[in-house]
């Protein structure tokens, strides 16, 4: 069983920065994709960024050049550095883990609120 616990959300002014962290506990498969998703009020949950075990990354267009996803294997964490934040980045951010073995397992964190004010 894998558990994901997010931290680092909060209130920040437009143009500011926040760093989200996702602490991973439990068994991790060698092949995995860790990611961050977000859900704004009244909207569907959307992909923000992913990081594969081979180091490849993927970002949604709206955050390219502003957000950066990274992994610290020693600390078993995946982080999302968010710079130049905009009010439209306001959402609950969720950590996601997909594990690829004989079957695909998917896990979610509980979410952390990010609010960007004008």
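Residue numbers (our numbering): 2 to 119. Built from N, CA and C at the ideal position, the CB exists for glycine as well. Every value quoted in this text rests on a predicted model; they were computed, and no experiment measured them.
The beta carbon of residue 84 sits closer than 6 Å to those of 18, 67, all from its chain and outside the five residues before and after it, given in chain order.
Residue 24 holds the alpha-carbon nearest to the alpha-carbon of residue 96 among 24, 15, 13. Looking at the DSSP output, residue 99 shares a beta bridge with 34, 107. The beta carbons of residue 27 and residue 51 sit about 19 Å from each other, so the pair does not count as a contact at 8 Å. Contact between the segment 7-22 and the segment 43-63 is absent: fewer than three C-beta pairs spanning the two stretches fall below 8 Å.
When 112, 77, 43, 65 are compared, the shortest CA-CA separation from residue 49 is found for 65. Counting C-beta atoms within 10 angstroms of its own C-beta, residue 80 has 16 or more neighbours from the protein chains shown and is therefore classed as buried.
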